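To start, the structure under review is shown below, and the notes come after it.
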């Protein structure tokens, strides 16, 4: 967390007043600095996974869109973005309801989010964002950890909360829950 005023609740208006090029996210009204530039493996995973989703959507004439970071996702129940206290930049966002898209980004929960864990802020992905994505009903959330070559997959269950995660390693194929016939074979990723 940066050295912002304690106990202040920040909103989109504050987010927009940060200097251009500052890499921050807003979770629960608290500003979090994003880590330094991601590692090469981090970036390769984003490229490889984004490409797999993009190619699958294109090949199947799908309606979904895939966006790598930086891409703003506004997690809010309020139509007025000025009051939004949760603005994140997932490593990969898959949005199937195009009505949620505007020039600012995605207003509301994406269908799927993938975060690639960084050694600088693992608590954000494993705790803060997990709880946030569960609260706003992101249907599927993958936490990909290149350091230990594992992936946790969270999916909304019948109670509309995340079920216990499924755990995979980088030699596994993972079924993408938001699609009927897409698997990601981590063994074939060029990383």
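Residue numbers (full-length UniProt numbering): 1 to 191.
From the three backbone atoms N, C-alpha and C, an ideal C-beta is built for every residue, glycine too.
None of these values were measured; they are calculated from a predicted model.
Selection from the options that minimises the alpha carbon distance to residue i
i	options	result
residue 147	176, 158, 122	122
residue 65	43, 20, 105	105
residue 16	8, 177, 72	72
residue 74	37, 41, 133	133
residue 29	38, 7, 22	7
residue 96	127, 38, 85, 53	53
residue 169	184, 67, 101, 92	184
residue 109	119, 98, 175, 151	98
residue 22	70, 61, 142, 40	70
residue 91	179, 39, 160	39
residue 111	118, 120, 101	101
residue 77	174, 166, 137, 180	137
One or two residues paired with residue i in a DSSP bridge
i	result
residue 178	Answer is none; residue 178 lacks a bridge partner.
residue 152	143, 167
residue 106	73, 101
residue 173	185
residue 32	25
residue 118	Answer is none; residue 118 lacks a bridge partner.
residue 112	94, 140
residue 9	Answer is none; residue 9 lacks a bridge partner.
residue 162	156
residue 88	73
Run of the alpha helix (DSSP H) containing residue i, from where it starts to where it stops
i	result
residue 41	40-59
residue 133	129-135
Start and end residues, beta strand (DSSP E) containing residue i
i	result
residue 82	Residue 82 -> no beta strand (DSSP E), and no H or E assigned at all.
residue 67	65-68
8 Å Cβ cutoff met for residue i and residue j
i	j	result
residue 34	residue 44	no
residue 88	residue 129	yes
residue 172	residue 163	no
residue 12	residue 81	yes
residue 48	residue 176	no
residue 107	residue 46	no
residue 32	residue 124	yes
residue 56	residue 182	yes
residue 67	residue 93	yes
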